[in-house]
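Just below is one structure, and these are the notes that go with it.
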Amino acid sequence: MLPAIPAGAGRRPLPARLMLGLLYLKYAYDLSDEAVVQRWMEKPYWQYFCGEVFFQTRLPCDPSSLTRYRQHLDEAGVEELLAQIISAAKKLKAIEL
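Each residue of the sequence shown is one higher than the one before, starting from 18 at the first, in the working numbering.
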């Protein structure tokens with residue numbers, strides 16, 4: 018599985034499902050980092066999509082965390098992510114290849 022943020026000193030990394038979900042929602046709805054984080058807090062379906070079980074009333078992260086996450090997600094990371102998505106879709110029989 019993709020690491021949320023490369024391991025090292027500092028804060029505990031944010032979950033990959035949260036960060037990738039926020040990035041997907043950002044591009045799907047053409048929102049700024051600030052807007053997607055704010056809307057996430059208001060929309061229970063978005064929270065569930067990003068891995069939450071219970072409704073959250075606090076921001077999931079600082080909007081600048083999305084910028085840093087995009088910088089860490091290089092071409093190899095995107096290729097690995099795509100491979101995992103295809104694998105999951107095959108297991109669910111959502112696609113045939």
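Heads up, the beta-carbon is just placed ideally off N, CA and C, and yes, glycines get one too.
- Pairing A111 with A100, the inter-Cα distance amounts to about 14 angstroms.
- Every alpha helix (DSSP H) stretch that sits fully inside the region 22-89 and reaches 4 residues is listed by chain position as 33-45, 50-59, 61-66 and 80-89.
- The beta carbon of A45 lies closer than 6 angstroms to none in the same chain, with the five residues before and after it left out.
- The DSSP-derived three-state label of I102 is helix.
- K107 sits in a helix when the DSSP states are folded into three classes.
- Judged by DSSP in its simplified three-state form, E96 adopts helix.
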